[in-house]
Amino acid sequence: MRKALPFVNLGVKNNCSGMQRISFTQYFSELINDEDVLKIPGAIGRLHKYKSALTVEQLMEPFKCKHGEKWKVYDRKSMATRKHYQNTLRVGDVIVQGEPGTRFYQNSLLKRNLTGDHGYDYINPSMHTIFFAMGPSIRKGVSLPAFQNVEYMNLWLNLLGLPEDTPNNGTLGIMDGILANPPVRQTPFYNPLKECSAVRLSGISGCHSCSSDELETIRRRILCTSPPPFPFQIASSTSRCYQNYCRKLVISGIRKEDPVAVAEQLVGSQTNGQSSCIFTNQKYELCESERNASGVITKSLSAEESDFANISPIVVSWKSGFVNGTKLRNP
Numbered sequence: 372m373r374k375a376l377p378f379v380n381l382g383v384k385n386n387c388s389g390m391q392r393i394s395f396t397q398y399f400s401e402l403i404n405d406e407d408v409l410k411i412p413g414a415i416g417r418l419h420k421y422k423s424a425l426t427v428e429q430l431m432e433p434f435k436c437k438h439g440e441k442w443k444v445y446d447r448k449s450m451a452t453r454k455h456y457q458n459t460l461r462v463g464d465v466i467v468q469g470e471p472g473t474r475f476y477q478n479s480l481l482k483r484n485l486t487g488d489h490g491y492d493y494i495n496p497s498m499h500t501i502f503f504a505m506g507p508s509i510r511k512g513v514s515l516p517a518f519q520n521v522e523y524m525n526l527w528l529n530l531l532g533l534p535e536d537t538p539n540n541g542t543l544g545i546m547d548g549i550l551a552n553p554p555v556r557q558t559p560f561y562n563p564l565k566e567c568s569a570v571r572l573s574g575i576s577g578c579h580s581c582s583s584d585e586l587e588t589i590r591r592r593i594l595c596t597s598p599p600p601f602p603f604q605i606a607s608s609t610s611r612c613y614q615n616y617c618r619k620l621v622i623s624g625i626r627k628e629d630p631v632a633v634a635e636q637l638v639g640s641q642t643n644g645q646s647s648c649i650f651t652n653q654k655y656e657l658c659e660s661e662r663n664a665s666g667v668i669t670k671s672l673s674a675e676e677s678d679f680a681n682i683s684p685i686v687v688s689w690k691s692g693f694v695n696g697t698k699l700r701n702p
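First residue of the sequence shown: 372, per the numbering used here; consecutive thereafter.
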């Protein structure tokens, strides 16, 4: 084995996560006085209503006073999408995500003498784990910035000499820094986006459920001549252009079936009300016909829920069961 080692690419990875020293203990019994609630301990506390008559909001209420200080409290709908918790009943009705160092127990009698734990939010550095590699295909003395586990797949493909077009969620090339002979990759060329060509004079068209007052309000809000000053450059490797809606840019392709996207500025103090008015700027395109297929609903791609969210090109059709739980509401 020792003689063969110089000819073998060897990787060593922790099978779990990092560890965090415990500095604060919270007993559920001090906040929830209901034996019908199932209380699951850990770095992330979970509450199941089970037989309790309390509502989810009532279960969350005792935890709100220290939200952001010792923990963050969510229900399944408000939990960040990146956690993949929304549609999983096993996580409970209320999720109390401990800040690093916080641990939950049902009561003081069930406390264990733990000095450290894991399971905290994976974005915390203390939850990052280790990966060491050596071998003829690995560069010596190289360190990479933190990366997610999905990036391993492309590394294995490279080390095994397999085609890189195997579908996976990793980012091609992100692990090349540790390879002794990384593959030559063609750098994609990105063109800065330009405004879409005008096909008509600028003017707001109401596509669905718009009153004259709503259209006049919207018309006044798209009178700017320049796009919003984003702190980054928006570019594309394919033919794309933007429709300027002042606070938003609708990014579209040349063909009608091309994907669309939206770049927008979100303001925390924004108080605009919701509206069912779907509209478009006829400068770029006209309204599309209504989409009323069975089992399909329409949903705006805009992250804000206001009267300026329903721009026709970004109001798209979704299968009704897919929309629930996909919008990111909390970091």
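Glycine residues also receive a C-beta, built at the ideal position from the N, C-alpha and C atoms.
Our contact map puts residue i next to residue j with C-beta atoms below 8 Å; I'd like the distance itself, whole angstroms only.
i, j, result
"F601", "A634", "6 Å"
"G413", "G490", "6 Å"
"C578", "S646", "No, C578 and S646 are not in contact; Cβ-Cβ is about 12 Å, not under 8 Å."
"I593", "C617", "5 Å"
Which value, in whole angstroms, describes the spacing of the CA atoms of residue i and residue j?
i, j, result
"I589", "S671", "16 Å"
"V667", "L402", "42 Å"
"L657", "T452", "33 Å"
"E440", "E470", "7 Å"
"A375", "Y523", "24 Å"
"S573", "C581", "18 Å"
"K698", "K420", "Here the model assigns K698 a pLDDT of 45, short of 50, so the residue's position is not dependable, and the following value carries that caveat. Cα-Cα distance, rounded: 24 Å."
"T537", "A517", "23 Å"
"V444", "R474", "14 Å"
"L481", "R417", "16 Å"
"N380", "T669", "50 Å"
"P377", "T500", "25 Å"
"N520", "S479", "36 Å"
"L564", "Y655", "15 Å"
"Y476", "I415", "10 Å"
Since residue i is in the alpha helix (DSSP H), which residue starts that stretch and which ends it?
i, result
"R590", "583–592"
Terminal residues of the continuous beta strand (DSSP E) containing residue i?
i, result
"L530", "Careful: L530 lies outside any beta strand (DSSP E), inside the alpha helix (DSSP H) at 523–531."
"I429", "One detail in the question is off: residue 429 reads as Gln in this sequence, not Ile. Careful: Q429 lies outside any beta strand (DSSP E), inside the alpha helix (DSSP H) at 427–431."
"M505", "502–505"
"L620", "619–624"
"N343", "Because the chain is modelled from 372 through 702, residue 343 falls outside the range shown and cannot be assessed."
"E351", "The structure shown does not extend to residue 351, since the chain is modelled only from 372 through 702, so no value can be given for it."
"S576", "575–579"
"D446", "442–446"
"S688", "686–690"
Using the beta-carbon count (16 or more within 10 Å), is residue i buried or exposed?
i, result
"D464", "buried"
"C567", "buried"
"F399", "buried"
"R700", "With a pLDDT of 43 at R700, under the threshold of 50, the modelled position of this residue cannot be trusted, and the question is left open."
"R556", "exposed"
"G541", "buried"
"A569", "exposed"
"S610", "exposed"
"P702", "Only weak support exists for where P702 lies, its pLDDT of 41 falling under 50; the coordinates are left without a value."
"N386", "exposed"
"Q604", "exposed"
"Y456", "buried"
"I625", "exposed"
Taking 9 Å as the CB-CB limit, is residue i close to chain C?
i, result
"K654", "Any reference to chain C falls outside this structure, which holds one protein chain only."
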